[in-house]
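Worksheet for the structure shown next.
Protein chains: 2
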Amino acid sequence: MARDTRERIVTTARDLVHAATYADVGVDDVCRAAGVNKGSLYHFFPSKQALGLAVLDRNWELMRGLLDEAFDAEAPPLDRLDAFLTAYASMMRTMREHLGATPGCPLGNLAAELSAHEPDMRARIAEVLTAWTDRVASVVRDAQARGDVDPSFDATEAARGVVALVQGYGVLAKADDDPTALDALRPLVRRLLPAPH
Amino acid sequence: MARDTRERIVTTARDLVHAATYADVGVDDVCRAAGVNKGSLYHFFPSKQALGLAVLDRNWELMRGLLDEAFDAEAPPLDRLDAFLTAYASMMRTMREHLGATPGCPLGNLAAELSAHEPDMRARIAEVLTAWTDRVASVVRDAQARGDVDPSFDATEAARGVVALVQGYGVLAKADDDPTALDALRPLVRRLLPAPH
């Protein structure tokens, strides 16, 4: 029951933040939309920042789900990376249908908005982006070991490039309100990870 | 005199937005920091949105200044692109010194935050990003004409990749509060624009 309430608060906050921004969403809005009273919300989240961190963690959990599904598959490394990019684009289309507008990268948005705030937020965002980069770097290393990608590249640098490109395209898709913008990602990511000469 | 006041309001609003987010900055904060009264601010900007658009236009003007300086130089096209990326990284370092924290891409931040809002804002942001992409695409076309970049690539798609990468690295630099993250951009952009086979 308590878990259900906490879950409903996080899910509601997440939807409201995606439909607008973190700053736009007040604790009162979350209470109203989730149908809980303020005491109940503050029981689980003593501050708006605590709720913001829970939304960030939830977004990372969902992104990790996409990464797990794509990266744990039995397929050549670059195909696994393609599968992640396809799943990411498909998530953006689903969110657009649900929210009525293209929300942009769920993690990139929070990074752009919340890094400006409390040091705790920025540190947690940096951690999440590093964890995302590490997942991609491990696929890049697999691809290098198979001879599919130039082994002279630093895998972490290349992975940061991939994560940056995904976030940048999230911004472009949001500005154009067009999730199909993300379809350009796959060939560009391949170009960041060229085969050995 | 009126121009001075308008200018002071826009510059102040811009600094406040960069140090936090658009949503965090109220008209009252701008009045206080700029030393103007509310009537004066509303004389120039009838709404916060109008002021937000002026901040966006100012950021684009400054970015266009960087692009003009780098792109109008007498140098091979890819060197001009490098010069822009160097100037962009240097701007980020200067802003970090001025604001005490790495602000991220001045245009990318507004795109991530404001596209979620009024359609006027989103449309203007999309226009600005298209104008930025067009500038880069023209350099890519010059590089292709000289035989420096594979002519089979669509120059506009490649330029969108470059702009996305710059914005994504803006987010990473902000999350890490480290403007030197942008130094990785030049080699990655080159990899997005490979020489013909």
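For the record, the sequence lines run as chains A and B. For what it's worth, full-length UniProt numbering labels the leading residue of the first sequence as 1, then goes sequentially. For what it's worth, full-length UniProt numbering labels the leading residue of the second sequence as 1, then goes sequentially. A virtual CB, placed ideally from N, CA and C, is assigned to each residue, including glycine. The structure displayed is predicted, hence computed values, not measured ones.
Is residue i close to chain A? Criterion is C-beta to C-beta, closer than 8 Å.
i, result
"Tyr-169 of chain B", "yes"
"Glu-157 of chain B", "yes"
"Pro-77 of chain B", "no"
"Arg-160 of chain B", "yes"
"Pro-46 of chain B", "no"
"Asp-24 of chain B", "yes"
"Leu-129 of chain B", "yes"
"Arg-122 of chain B", "yes"
"Arg-191 of chain B", "yes"
"Gly-104 of chain B", "yes"
"Pro-194 of chain B", "yes"
"Leu-188 of chain B", "yes"
"Ala-34 of chain B", "no"
"Leu-165 of chain B", "yes"
Measure the Cβ-Cβ separation of residue i and residue j and say whether it is below 8 Å.
i, j, result
"Arg-141 of chain B", "Ala-155 of chain B", "yes"
"Asp-108 of chain A", "Ala-143 of chain B", "In the sequence as displayed, the identity of residue 108 of chain A is Gly instead of Asp. No, these two residues do not count as a Cβ contact at 8 Å."
"Ala-184 of chain A", "Tyr-169 of chain A", "yes"
"Asp-4 of chain B", "Leu-16 of chain B", "no"
"Thr-130 of chain B", "Lys-174 of chain B", "no"
"residue 218 of chain A", "Val-171 of chain B", "Only positions 1 to 197 of chain A appear in this structure, which leaves residue 218 of chain A out of reach."
"Leu-56 of chain B", "Arg-160 of chain B", "no"
"Ala-54 of chain A", "Val-10 of chain A", "yes"
"Pro-77 of chain A", "Arg-191 of chain B", "no"
"Arg-122 of chain A", "Arg-58 of chain A", "no"
"Ala-34 of chain A", "Arg-8 of chain A", "yes"
"Ala-23 of chain B", "Ala-23 of chain A", "yes"
Measuring only between beta-carbons, confirm whether residue i sits less than 8 Å from chain B.
i, result
"Ser-40 of chain A", "no"
"residue 200 of chain A", "No information on residue 200 of chain A is available, as it lies outside the stretch 1 to 197 that chain A covers here."
"Gly-52 of chain A", "no"
"Thr-94 of chain A", "no"
"Ala-176 of chain A", "According to the sequence as given, residue 176 of chain A is Asp; it is not Ala. For Asp-176 of chain A, the answer is yes, since a Cβ of chain B falls inside 8 Å of its Cβ."
"Thr-21 of chain A", "yes"
"Asn-59 of chain A", "no"
"Leu-56 of chain A", "no"
"Ala-137 of chain A", "no"
"Ala-143 of chain A", "no"
"Ala-89 of chain A", "no"
"Gly-108 of chain A", "yes"
Using only alpha-carbon positions, find the residue among the options that is nearest to residue i.
i, options, result
"Leu-188 of chain B", "B:Lys-48, B:Leu-56, B:Glu-74, B:Asp-82", "B:Asp-82"
"Asp-150 of chain B", "B:Arg-58, B:Asn-59, B:Pro-196", "B:Pro-196"
"Leu-99 of chain A", "A:Glu-127, A:Leu-114, A:Ala-19, A:Val-27", "A:Ala-19"
"Arg-186 of chain A", "A:Asp-177, A:Thr-11, A:Val-162", "A:Val-162"
"Ala-116 of chain A", "B:Leu-192, B:Gly-39, B:Gly-104", "B:Gly-104"
"Ala-137 of chain B", "B:Arg-122, B:Pro-106, B:Arg-80, B:Glu-61", "B:Arg-80"
"Met-63 of chain B", "B:Val-27, B:Thr-21, B:Arg-135", "B:Arg-135"
"Thr-133 of chain A", "A:Ala-33, A:Trp-60, A:Glu-74, A:Ala-34", "A:Trp-60"
"Thr-21 of chain A", "B:Ala-33, B:Asp-176, B:Leu-114, B:Ala-181", "B:Leu-114"
"Val-128 of chain A", "A:Ala-87, A:Cys-31, A:Leu-110, A:Phe-84", "A:Leu-110"
"Asp-178 of chain A", "B:Ala-126, B:Ala-87, B:Gly-52", "B:Ala-126"
"Ala-73 of chain A", "A:Leu-51, A:Asp-148, A:Val-139", "A:Val-139"
Step through the CB atoms of chain C and report whether any lies within less than 8 Å of the CB of residue i.
i, result
"Leu-172 of chain A", "Among the chains of the structure shown, chain C does not appear; the protein chains present are A and B."
Does the region 37-47 of chain A come close enough to the region 58-74 of chain A that 3 or more CB-CB pairs lie under 8 Å? No: the two stretches stay apart, fewer than three of their Cβ pairs being nearer than 8 Å.
Three or more beta-carbon pairs under 8 Å between the region 85-103 of chain A and the region 90-108 of chain B, yes or no? At 8 Å Cβ cutoff, the stretches do not touch.
Scan the region 122-185 of chain B and note each continuous alpha helix (DSSP H) run of 4 residues or more that stays entirely inside, going in chain order. Listed in chain order, the complete alpha helix (DSSP H) runs (minimum 4 residues) inside the region 122-185 of chain B are 155-175.
For a minimum of 4 consecutive residues, which ranges assigned as the alpha helix (DSSP H) are wholly contained in the region 37-79 of chain A? Positions of the alpha helix (DSSP H) runs, each at least 4 residues long and wholly inside the region 37-79 of chain A, are given as 38-44, 48-71 in order along the chain.
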